Structure formats: C-alpha cells, structure tokens
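Student: In the working numbering, the protein residues as written are 1 to 267. Beta carbons are placed, not taken as given, at the ideal position from N, Cα and C, and that holds for glycine. Here the structure is a predicted model, which is why all the values come from computation and not from measurement. Input: one structure, supplied below.
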Amino acid sequence: MTTTTDEATDIAIHDPATGELVGRVRPAGPEEVDDAVGAAVAAAPGWARTSPADRAGRVRDAATALRAVAEELATLNETETGRPFDDGLGGVLAAAGTLEQYAELGPLHRGRSLQGSWSATDLMVPGPRGVVAVITPWNDPVAVAAGLIGAALVTGNTVVHKPSERCPHLGRRVADLLASVLPEGVLAVVDGAGPTGALLSGHDAVDVVAHVGSIGAGRAIRQAAAGTGAKVLLENGGNDALIVDAGVDPVWAAEQVALGSYANGGQ
Numbered sequence: 001m002t003t004t005t006d007e008a009t010d011i012a013i014h015d016p017a018t019g020e021l022v023g024r025v026r027p028a029g030p031e032e033v034d035d036a037v038g039a040a041v042a043a044a045p046g047w048a049r050t051s052p053a054d055r056a057g058r059v060r061d062a063a064t065a066l067r068a069v070a071e072e073l074a075t076l077n078e079t080e081t082g083r084p085f086d087d088g089l090g091g092v093l094a095a096a097g098t099l100e101q102y103a104e105l106g107p108l109h110r111g112r113s114l115q116g117s118w119s120a121t122d123l124m125v126p127g128p129r130g131v132v133a134v135i136t137p138w139n140d141p142v143a144v145a146a147g148l149i150g151a152a153l154v155t156g157n158t159v160v161h162k163p164s165e166r167c168p169h170l171g172r173r174v175a176d177l178l179a180s181v182l183p184e185g186v187l188a189v190v191d192g193a194g195p196t197g198a199l200l201s202g203h204d205a206v207d208v209v210a211h212v213g214s215i216g217a218g219r220a221i222r223q224a225a226a227g228t229g230a231k232v233l234l235e236n237g238g239n240d241a242l243i244v245d246a247g248v249d250p251v252w253a254a255e256q257v258a259l260g261s262y263a264n265g266g267q
C-alpha cells in the first residue's frame, strides 16, 4: 500500500491492488494529540478504580464487538493493506480471542506475598501506570492492536492508539468499536505517520509507550520518550528460535517455519 500527501498534508490511502484512492486522513498535530492524551489522563483515575472484574467484562464486550463485524474489518483490511480476506478474517478472530484471554487473566493478576518475615504480611500488588500510548503496524493491524490495547486496559490503564498510517480507517474503526464499550476517554485514537507518533511518544503525560513495528520506528519512539522517562515496550522484528523434537513430522515443521517467517511480511 502506498501513501501520498497533498498540499494540506493529508495522507491519501490507495488500494494496493487497483491504485484507487480509497480515502484521506488528516494527521494529528500537537493540539489533537494533547486533546487525546488529556482525555486519557482525565479518565485514568476512574478506570484504575474500576474493579478488575468490571474491566474484564468491558474487554470481553470489546471482543464481542469485533466478532460482530469481523467480515467488515477483514474487507477493510484487504482494501487498505492488500491482505487477503481470509487472512484478514483470521486476524480479526485472533484479536477477539486475545481480548477474551485478557478478560480471563486480568482479574487473576492480584499480586503476590513476598514473605519477608513471619511476623509481617508483605504484599506486592501491581497497579496501573496511567496513560499508555499504543503504536501499531500495518501487517497484522487488528490482532496486534488488540494485544497491546487489551493488556493495557485490563490492567487499569487508559490508552491513546496510533494505528499505522497505511491502514488508518481500519485502525480507527477498531478503536471506535472498542471505545463504544468503554467509559469516555479510556481509549482514544489519533491518525498520522512518524511525526504524530513522535508527538505521542514524547508527550509529558504519557507513562508507557508500547510499539510493534520496524526497528527504525522503535528507535525514533525510544528517542522521543527519553526526555519524559516513560517506560518503552518495543517489539521490533526479533526472530524466535524454533525447536523441533524428534517425534515431530519434519515436513509439517518446515511448513510452520515458512508460515511463521512470511505470513505477516507483506508478500
């Protein structure tokens, strides 16, 4: 998929199969980023005080919302990124499954006893960090967004999401679906490319930046966040080892290696 800008700096989205213009988005500037982060800051105390069970219920509702329009999202993904419909549909269903898994695990994340002394009760209880900026790529946009956003929400954080500039309509549709089952301000979305990501990553009120994408984008995010001390979580293209036990069919294992290597590479 290619993007271009006109004199007004809008990002133009083209169908990669036909070259047809399918839409434009205006990149968020400092004011729009401030508004989104400000809404997340305002919503953070109330969301943090919401019980883990209630937060999990909202995340489960978000999964239901995605499943209800799975084919629509797969079609939009196909139009903006060129991903085949069946693959895109699988990504949406994986996203819903991820949210459901977080809904199950979230209430169980209650901390642990340190047992520092038999005469005292020592507990280590995790708490929300605050506002999480989520910056996601184009090659598996729904599933990756669900993973990062779901983890942040279920642990009591509010989120500002910047989807890839290559699939902004899909990213906004997903964010709007999730936001529809959440209290106001808990999840916001901003559009744009690298400059918008830098504004969001370097915002003084952002406590965590979570990013999956390219090494170059990860370095820019790390640099932008360095001045604020925000925690940065980056997944920038690392490859995992594959261990094949003796009893495994080697042909099947080779097929899985190829699938894992190229499924989300954009070929």
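What residue range does the beta strand (DSSP E) around His-161 cover?
Tutor: In the sequence shown, the residue the question calls residue 161 occupies position 161. Under the DSSP assignment, His-161 falls in the beta strand (DSSP E) whose first and last residues are 158-162.
Student: Please state whether DSSP places His-203 in a helix, a strand or coil.
Tutor: Translated into positions along the sequence shown, residue 203 becomes position 203. Note: His-203 maps to coil in three-state DSSP.
Student: Ignore the nearest five residues each way along the sequence and tell me which others in Thr-4's own chain have a CB closer than 7 Å to its CB.
Tutor: Here residue 4 refers to the residue found at position 4 of the sequence shown. In this predicted model, Thr-4 has a pLDDT of only 46, less than 50, meaning its place in the structure is not dependable; the value taken from the coordinates is given anyway. Within the same chain, Thr-4 has close Cβ partners Ala-12.
Student: Roughly how many whole angstroms lie between the Cα atoms of Val-144 and Ser-119?
Tutor: If you number the sequence shown from 1, residue 144 lands on position 144. If you number the sequence shown from 1, residue 119 lands on position 119. Cα-Cα distance, rounded: 45 Å.
Student: Look at the alpha carbon of Ala-175 and the alpha carbon of Val-33, and state the distance between them as a whole number of angstroms.
Tutor: The count along the sequence shown starts at 1 and reaches residue 175 at position 175. The count along the sequence shown starts at 1 and reaches residue 33 at position 33. Looking at the two C-alpha atoms, the distance is approximately 15 Å.
Student: Going by the CB atoms, is the gap between Val-209 and Ile-135 shorter than 9 Å?
Tutor: Position 135 of the sequence shown, counted from the start, is the residue given in the question as residue 135. Position 209 of the sequence shown, counted from the start, is the residue given in the question as residue 209. In this structure, Val-209 lies closer than 9 Å to Ile-135 by Cβ.
Student: Is the CB of Val-212 under 9 Å away from at least one CB in chain B?
Tutor: Among the protein chains of the structure shown there is no chain B, as only one such chain exists.
Student: Does the stretch 54-66 come into contact with the stretch 144-160, if we say contact requires no fewer than three beta-carbon pairs (one atom in each stretch) closer than 8 Å?
Tutor: Yes: at least three Cβ pairs fall under 8 Å.
Student: Taking only three categories from DSSP, how would you classify Gly-88?
Tutor: As a first step, residue 88 must be located in the sequence shown, where it is residue number 88. Of the three classes helix, strand and coil, the one that applies to Gly-88 here is helix, per DSSP.
Student: Does DSSP put Gly-197 in a helix, a strand or coil?
Tutor: The residue you call residue 197 lines up with position 197 of the sequence shown. In the structure shown, Gly-197 sits in a helix (DSSP, three-state: H, G or I).
Student: Can you tell me which of the three DSSP states Glu-165 falls into?
Tutor: In the sequence shown, the residue the question calls residue 165 occupies position 165. DSSP places Glu-165 outside both helix and strand once states are collapsed to three, so it counts as coil.
Student: Which residues mark the beginning and the end of the alpha helix (DSSP H) in which Glu-235 is found?
Tutor: Numbered from its first residue, the sequence shown carries residue 235 at position 235. Run containing Glu-235: none in the alpha helix (DSSP H); it sits in the beta strand (DSSP E), 231-235.
Student: Starting from the Cα of Arg-110, find the closest Cα among Gly-127, Thr-121, Ala-94, Tyr-102 and give me that residue.
Tutor: Translated into the one-based positions of the sequence shown, residue 110 becomes position 110. Among Gly-127, Thr-121, Ala-94, Tyr-102, the Cα nearest to that of Arg-110 is on Gly-127.
Student: If you measure between the beta carbons of Thr-79 and Asp-10, is that distance less than 9 Å?
Tutor: Counted from its first residue, the sequence shown places residue 79 at position 79. Counted from its first residue, the sequence shown places residue 10 at position 10. No, the Cβ-Cβ distance between Thr-79 and Asp-10 is not below 9 Å.
Student: Going straight from the alpha carbon of Leu-114 to that of Thr-121, what length do you get?
Tutor: Numbered from 1 along the sequence shown, position 114 holds the residue referred to as residue 114. Numbered from 1 along the sequence shown, position 121 holds the residue referred to as residue 121. Each residue's Cα considered, the two are about 8 Å apart.
Student: Excluding the five sequence neighbours on either side, which residues of its own chain have a C-beta within less than 7 Å of the C-beta of Gly-116, listed in chain order?
Tutor: For the purposes of this step, residue 116 is taken as the residue at position 116 of the sequence shown. Closer than 7 Å at the Cβ level, and outside the excluded window around Gly-116, lie Asp-122.
Student: From which residue to which residue does the alpha helix (DSSP H) around Gly-283 run?
Tutor: There is no way to answer for residue 283, as the model of the chain reaches only from 1 to 267.
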